[in-house]
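Be aware that the sequence shown starts at 2, since it is given in this note's numbering, and climbs by one per residue. Scroll down for the structure; my scribbles are underneath it.
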Amino acid sequence: MNEVFADTSGWANYFVRTEPFHQDANGLMQQWYKDQTRVITTNYILSELVALFISPLRIPRPKQIQAIETIKAVDWIEIIHIDKKLDDKTWQFLKERDDKMWSLVDCSSFVVMKERQLSHGFTTDHHFEQAGFIRLLK
């Protein structure tokens, strides 16, 4: 696995020690660092992560900032910015999957994963499995 996609729940489990998969998330990150696995995430994920940190996790603002700045500073983490083209693809994907209760952020992640040919999601979200990806935290 040369690249893996990091979802909001994966980041939360990595940064928040009280999250149920914190040890697993920490172990995976350490392994990816050793293996030089590139971690892919998006600006939508970071936005959702800040919202999750605020509520329900109630993480203090300095720790929120530290987590996001850590993600932004690490050279083996790539943040893809959802631009108009990706946003249009995301909306189309969302509209075509009206039988699923997937969020816009989920759909943007799935579009990015398909475009990058990624199979593994650093996530606890079962929606990734519904979309045909491998969920690494369960």
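Idealized CB from N, CA, C, for every residue including glycine.
How big is the Cα-Cα spacing for residue i and residue j?
| i | j | result |
| --- | --- | --- |
| E97 | S109 | 13 Å |
| D36 | M2 | 9 Å |
| W33 | K90 | 29 Å |
| V75 | Y45 | 18 Å |
| L6 | I80 | The amino acid occupying residue 6 in the given sequence is Phe; Leu does not appear at that position. The alpha-carbon atoms of F6 and I80 are separated by roughly 10 Å. |
| H23 | K101 | 28 Å |
So residue i packs on residue j, CB below 8 Å; how close in whole Å?
| i | j | result |
| --- | --- | --- |
| R39 | W92 | Contact flag wrong, Cβ pair sits at about 27 Å. |
| D107 | H128 | 5 Å |
| L119 | E4 | 6 Å |
Going along the chain, which residues of its own chain have a beta-carbon closer than 7 Å to the beta-carbon of residue i, five neighbours each way excluded?
| i | result |
| --- | --- |
| L29 | F123 and L137 |
State yes or no: is the beta carbon of residue i nearer than 8 Å to at least one beta carbon in chain C?
| i | result |
| --- | --- |
| D25 | In the structure shown, chain C does not exist; there is a single protein chain. |
Leaving aside the five residues before and after residue i along the sequence, list all residues of the same chain whose C-beta is less than 8 Å from its C-beta, in chain order.
| i | result |
| --- | --- |
| V112 | L87, K90, T91 and F94 |
The segment 43-63 in contact with the segment 10-26 per 3-pair CB rule at 8 Å: yes
Given 8 Å, three or more beta-carbon pairs between the segment 55-74 and the segment 11-30: yes
Minimum length 4: unbroken alpha helix (DSSP H) runs contained in the segment 43-97: 44-55, 62-74 and 85-97
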